[in-house]
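Residue numbers (our numbering), protein chains in the order written: chain Z, 217 to 467; chain Y, 217 to 467. All C-beta atoms, glycine included, are put in the ideal place defined by N, C-alpha and C.
2 protein chains.
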Amino acid sequence: MRFARISKDGDVSFAVVEGDEVTMITGSPFGEWEKSGTATTPLDEAGLVAPCSPGKILAMAENFGSHLHGAVEHTEPQPFWKAPNSIVGPGESILLPSHAGQVDAEGELVAVIGSRCSKVAPEHALGYVLGYTCGNDVSARYWQKNDRQWWRGKSSDTFGPIGPTIVSDVDPSDLEVVTRINGKEVQRCSVSEMIFDFAALISFVSQSVTLEPGDLIFSGTSGSPATLHDGDTVEVEATGIGVLSNPVAAG
Amino acid sequence: MRFARISKDGDVSFAVVEGDEVTMITGSPFGEWEKSGTATTPLDEAGLVAPCSPGKILAMAENFGSHLHGAVEHTEPQPFWKAPNSIVGPGESILLPSHAGQVDAEGELVAVIGSRCSKVAPEHALGYVLGYTCGNDVSARYWQKNDRQWWRGKSSDTFGPIGPTIVSDVDPSDLEVVTRINGKEVQRCSVSEMIFDFAALISFVSQSVTLEPGDLIFSGTSGSPATLHDGDTVEVEATGIGVLSNPVAAG
């Protein structure tokens with residue numbers, strides 16, 4: 217199943233996407249839901265917003281060998297917090313803070329937690345996932361390097377685009393994630409290259425942090441991320457999920 | 217005014233505290249509110265829970281000279297994220313993770329944001345504050361030192377006690393904060409010693425991160441924090457606000 221959120225007349229509601237048609241639902245994909253009726257809207261006219269509103273977001277540092285640049289692999293996952301103010305949806309602008317310097321895109325796959333979980337074993341962890349979406353772990357490098365912690369380097373307003381939809385029936389061990397800036401490919405990986413896979417990440421995080429429906433786990437990024445400039449368009453595409461596209465603007 | 221939240225029959229509602237009596241309110245201190253009636257409950261029987269439910273929590277590293285231990289003062293505030301799963305209220309247990317090693321208490325004053333603010337000037341920043349409460353920035357030192365970022369070192373479940381109430385009419389530049397473990401004083405400071413005061417912190421944070429009603433800004437801690445053990449009771453008291461008391465238990 218493919219879930220989206222739609223903004224219509226100021227109200228935000230969940231919907232399901234079948235083919236290129238969107239049908240509103242009552243309830244929520246995190247609980248009981250049913251289609252509101254038979255009326256559908258074409259996907260490209262539906263007004264998608266971020267597919268959920270996470271309370272917590274944990275992203276991963278250095279979780280792809282291709283992103284280590286010679287550093288030694290960590291023996292445990294290395295999460296960090298992103299904050300809810302970073303979330304924007306498809307088509308919303310990534311704003312480059314005027315005082316930030318270099319800001320890079322990091323294309324990633326994102327697991328969306330479906331139900332509360334605490335201290336779960338790896339072999340049960342994926343049972344707590346609703347589905348997967350694309351994410352962009354936008355990163356201000358000067359702040360990331362020079363601040364005591366990565367609070368604004370990873371969580372300035374608009375630094376967490378997600379979307380376009382949450383897809384429940386993909387295999388999170390075997391998807392390709394491609395990042396493009398102005399149509400030019402700048403990152404490509406298979407999530408099979410993750411040093412710690414989503415089952416390991418969710419299990420590890422949940423030993424310390426209780427996860428709730430809508431919380432997000434970003435996979436970590438691969439290779440050498442590319443820098444964003446005012447006027448760019450950045451896309452993150454994952455197999456079977458779709459394309460998350462965001463314009464970039466001076467903040 | 218002094219605001220609290222009360223749990224009664226599974227419902228959580230806001231209340232006001234006058235003297236030692238609690239009166240329920242309709243609405244919220246973050247918007248319009250009025251007393252639900254004239255019935256009052258004695259404060260010590262009211263069942264206080266955490267006085268708000270923050271979406272975002274930023275705490276400060278190294279914001280008191282007495283906590284620097286010889287390190288040089290930073291030229292900018294040094295925030296880090298705590299996460300909502302860390303929040304507990306008065307009387308709720310701080311759980312020591314079995315695999316964490318040394319866990320310390322850090323008694324602090326906490327500003328509670330009252331209305332949305334972005335890119336505010338220091339001279340206007342305190343106008344966005346609803347009031348102040350006590351907080352304990354519980355810290356697992358091994359994780360803080362050895363993890364790439366302070367995600368679980370500062371945000372494991374129960375690592376963010378706040379309360380007992382939010383007080384709107386105190387002077388945030390001139391309060392004493394005292395921390396006790398099993399009745400013995402282990403920290404004492406005046407918030408006048410903050411290297412960056414709340415006006416400076418809120419202005420600085422809001423340049424990158426839009427703050428919302430209920431978000432929290434922890435002051436940073438002073439001196440040399442003390443270590444918690446199973447069976448302890450830890451108290452954080454701020455002048456005019458009250459005592460936040462939490463038992464400590466093995467997790």
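Below 8 Å on C-beta distance, what does residue i contact in chain Z?
i, result
"residue 372 of chain Y", "424 and 425"
Tell me the residue span of the beta strand (DSSP E) that contains residue i.
i, result
"residue 406 of chain Y", "400-406"
"residue 380 of chain Y", "376-383"
"residue 428 of chain Y", "Neither: residue 428 of chain Y is in no beta strand (DSSP E) and is coded neither H nor E."
"residue 338 of chain Z", "Run containing residue 338 of chain Z: none in the beta strand (DSSP E); it sits in the alpha helix (DSSP H), 338-341."
"residue 347 of chain Z", "345-352"
"residue 461 of chain Y", "458-466"
"residue 326 of chain Y", "323-329"
"residue 229 of chain Z", "227-234"
"residue 450 of chain Z", "449-454"
"residue 394 of chain Y", "392-397"
"residue 442 of chain Z", "Segment: none, residue 442 of chain Z is in no beta strand (DSSP E) and carries neither H nor E."
"residue 218 of chain Z", "218-224"
"residue 240 of chain Y", "237-243"
"residue 251 of chain Z", "249-251"
Apply the 10 Å Cβ neighbour rule to residue i and answer buried if 16 or more other Cβ atoms are within range, or exposed otherwise.
i, result
"residue 224 of chain Y", "exposed"
"residue 289 of chain Y", "exposed"
"residue 282 of chain Z", "exposed"
"residue 354 of chain Z", "buried"
"residue 284 of chain Z", "exposed"
"residue 458 of chain Z", "buried"
"residue 330 of chain Z", "buried"
"residue 277 of chain Y", "buried"
"residue 413 of chain Y", "buried"
"residue 396 of chain Z", "buried"
"residue 401 of chain Y", "exposed"
"residue 234 of chain Y", "exposed"
"residue 348 of chain Z", "buried"
"residue 431 of chain Z", "buried"
"residue 301 of chain Z", "buried"
"residue 314 of chain Y", "exposed"
"residue 279 of chain Y", "buried"
"residue 351 of chain Y", "buried"
"residue 262 of chain Y", "buried"
How is the alpha helix (DSSP H) around residue i delimited, first residue to last?
i, result
"residue 421 of chain Y", "414-422"
"residue 357 of chain Y", "357-362"
"residue 367 of chain Y", "367-371"
Residue i versus chain Z: which residues are under 7 Å apart at the beta carbon?
i, result
"residue 279 of chain Y", "None at all; the shortest Cβ gap to chain Z is about 11 Å."
Below 8 Å on C-beta distance, what does residue i contact in chain Y?
i, result
"residue 294 of chain Z", "363, 364 and 365"
At 9 Å on the CB atoms, spell out the chain Y contacts of residue i, in chain order.
i, result
"residue 368 of chain Z", "295, 421, 423, 424 and 425"
"residue 284 of chain Z", "What residue 284 of chain Z touches in chain Y: nothing, since even the nearest Cβ is about 12 Å away."
"residue 274 of chain Z", "299 and 367"
Taking Cβ-Cβ distances shorter than 9 Å, what residues in chain Z pair up with residue i?
i, result
"residue 271 of chain Y", "271, 299, 300 and 301"
Chain Y partners of residue i, CB-CB under 7 Å?
i, result
"residue 313 of chain Z", "424"
Hey, residue i and residue j are a contact pair by Cβ (cut 8 Å); roughly how many whole angstroms apart?
i, j, result
"residue 306 of chain Z", "residue 435 of chain Z", "So it is not a contact: roughly 19 Å between Cβ atoms."
"residue 424 of chain Z", "residue 373 of chain Y", "7 Å"
"residue 416 of chain Z", "residue 295 of chain Z", "Residue 416 of chain Z to residue 295 of chain Z, Cβ: 12 Å. No contact."
"residue 364 of chain Y", "residue 356 of chain Y", "Actually they do not touch by this definition, with Cβ atoms about 15 Å apart."
"residue 259 of chain Z", "residue 379 of chain Z", "Contact flag wrong, Cβ pair sits at about 12 Å."
"residue 325 of chain Y", "residue 454 of chain Y", "5 Å"
"residue 267 of chain Z", "residue 381 of chain Z", "6 Å"
"residue 398 of chain Z", "residue 448 of chain Z", "6 Å"
"residue 229 of chain Y", "residue 218 of chain Y", "At roughly 15 Å, the Cβ-Cβ gap does not stay under 8 Å, so residue 229 of chain Y and residue 218 of chain Y are not in contact."
"residue 304 of chain Z", "residue 327 of chain Z", "The Cβ separation is near 19 Å, so there is no contact."
"residue 405 of chain Y", "residue 438 of chain Y", "3 Å"
"residue 312 of chain Z", "residue 452 of chain Z", "With a Cβ gap of about 17 Å, residue 312 of chain Z and residue 452 of chain Z do not count as contacting."
"residue 271 of chain Z", "residue 428 of chain Z", "6 Å"
"residue 316 of chain Z", "residue 358 of chain Z", "7 Å"
"residue 323 of chain Y", "residue 394 of chain Y", "7 Å"
"residue 241 of chain Z", "residue 231 of chain Z", "6 Å"
"residue 443 of chain Y", "residue 318 of chain Y", "6 Å"
"residue 386 of chain Y", "residue 343 of chain Y", "In fact, because the Cβ distance is near 15 Å, the residues do not count as touching under 8 Å."
Give the list of continuous beta strand (DSSP E) stretches no shorter than 3 residues that lie fully inside the region 271-310 of chain Z.
273-276 and 295-298
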